[in-house]
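For the sequence shown, position 80 matches number 72 in the numbering used here, and the numbering has no gaps at all.
Only one structure is covered here, and it is reproduced in the block below.
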Amino acid sequence: NSHLLEEPSKEHDTLIASLPLQPSIERPFTFQGNIRLYKDVWMSEVIIRGILVMQQRLKTRPTDIFLSSSPKSGTTWLKAMIFATLTRTNYLLDQHPLHTHNPHQCVTYMDLGFAIGRSQIIENVPSPRVMSTHLPYSLLPYSITESNCRIVYVWRDPKDVLVSMWYFVQKIMGGADKIATFDQFYEMFYQGLNNFGPIWNHVLGYWEESKRRPEKILFLKYEHILQEPVKCAKQLAHFLGCPYSEAEENQGVVDQIVELCSIKTLKNLDVNKDSNRAMSTTANVHISHACYFRKGEAEDWKCHMTKEMAKRLDTMIKEKFKGSGLHI
Ligand code: A3P
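As structure tokens, this is what we get:
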């Protein structure tokens, strides 16, 4: 599929091939091929290529909105929420495009887009554009960090991220026997070797920047949104510059948006149930729309790890978060 790649550049290939490879084990941790260390972050080769192209090509506009997250932290939910919030007056909510489109079709995943030859398409999208990235703050192109545009960041209890990732990779690879065991996933995660890891650096990078520029970086936690979805929906709309009017609030629009974007609604739509519908991503990997919806709950880790495993991971992350004001 090299024809899909954006002007495959010898320079990029040479650079990528020179980066340290993730220690390999018998069965994979990811569906994305080789994982390499680029500027202290573990990422698949295709995404590193995306970063290199993006640095050259991305022209951020002040009106752009970026959603950032470590994978499996609530990206799909926030894509739906941001898209629904911004477009709520364009449609009757019962005819909203989210009924017929997966949230990933509504918000472009740009790290991959730039890697597979879609920079011109991304460039042609009219303002305000909404795009998503899994890059840590430290790796965002200057075009973004210097543009003063808005960034929404969502994070989640790393223990649940790990569980969610394990199921996601299983679904894509076709079964638990095709991928590393849960214990191996745990160990890799603990050592920070997961895709876009270490996760504590990912979260801390956006946390620190959101403290510096709270009006430009909205820092959300998955578990808080689960607890207070309406409050978070209002906070999001305010941040995006389109707060709910009193009339909208009285008409129940906030609740309707929350309901539309809930996992219960989205998971049961034909567009998201049909396992044949898939997004073509890299190389030969196809991710069905259904893969993005599983339980959507907090603390599913309790069904998958021992208390000791949980404590060990928590203790390490608490240590990393020490002094930052951030708590799991
Ligand atoms: P679980 O595997 O724990 O159920 P991402 O979107 O970043 O890939 O994360 C996927 C996780 O978010 C999965 O978690 C998935 O079920 C959950 N999810 C997807 N859509 C959601 C929604 N609308 N509301 C809440 N959680 C959602």
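Think of the CB as a built atom: it goes at the ideal place given N, C-alpha and C, for glycine as much as any other residue.
Just curious, the beta strand (DSSP E) that residue i is in, first and last residue?
| i | result |
| --- | --- |
| HIS278 | 278 to 280 |
| LYS208 | Note, LYS208: premise wrong, no beta strand (DSSP E); not H, not E. |
| LEU84 | First-last for LEU84: undefined, no H or E at that position. |
| LEU59 | 57 to 61 |
Would DSSP call residue i helix, strand or coil?
| i | result |
| --- | --- |
| LEU13 | strand |
| VAL33 | strand |
| VAL99 | coil |
| SER1 | coil |
| THR125 | strand |
| ILE39 | helix |
| ARG335 | The structure shown has nothing for residue 335, since the chain only spans -7 to 320. |
| TYR284 | helix |
| LYS71 | helix |
| ARG49 | helix |
| TYR236 | coil |
| HIS(-5) | Because the pLDDT at HIS(-5) is just 45, under 50, the model does not fix this residue reliably, and the point stays unresolved. |
| THR6 | helix |
| THR92 | coil |
| LEU104 | helix |
| LEU132 | coil |
Could you tell me the boundaries of the alpha helix (DSSP H) in which residue i lies?
| i | result |
| --- | --- |
| THR257 | 255 to 259 |
| VAL250 | 245 to 252 |
| PHE231 | 221 to 231 |
| LYS64 | Taken as a continuous stretch (DSSP letters only), LYS64 belongs to no alpha helix (DSSP H), as it is neither H nor E. |
| VAL263 | 262 to 265 |
| GLU115 | 111 to 116 |
Just to confirm before moving on: does the CB-CB distance between residue i and residue j stay below 8 Å?
| i | j | result |
| --- | --- | --- |
| ILE171 | ARG19 | yes |
| ASP306 | GLU215 | no |
| VAL250 | VAL277 | no |
| LEU185 | TRP34 | yes |
| SER124 | THR92 | no |
| SER156 | LYS64 | yes |
| ILE74 | LEU59 | yes |
| THR6 | CYS141 | no |
| ASP152 | ALA9 | no |
| PHE188 | LEU154 | no |
| HIS126 | SER62 | yes |
I'd like to know if residue i contacts chain D, where contact means its C-beta is closer than 8 Å to some C-beta of that chain.
| i | result |
| --- | --- |
| GLY42 | Among the protein chains of the structure shown there is no chain D, as only one such chain exists. |
How many whole angstroms separate the CB atoms of residue i and residue j, which I take to be in contact at a CB cut-off of 8 Å?
| i | j | result |
| --- | --- | --- |
| MET165 | PHE21 | About 10 Å separates the two Cβ atoms, so there is no contact after all. |
| TYR284 | LEU212 | That belief does not hold up - the Cβ atoms of TYR284 and LEU212 are roughly 18 Å apart, past 8 Å. |
| VAL45 | SER111 | 6 Å |
| PRO15 | ASP56 | With a Cβ gap of about 37 Å, PRO15 and ASP56 do not count as contacting. |
| ALA282 | ASN264 | 6 Å |
Secondary structure, alpha helix (DSSP H): runs of 4+ residues fully inside the segment 286 to 317: 299 to 313
Contiguous alpha helix (DSSP H) assignments of at least 4 residues, all confined to the segment 137 to 225: 150 to 165, 174 to 182, 191 to 204, 214 to 219, all fully within the segment 137 to 225.
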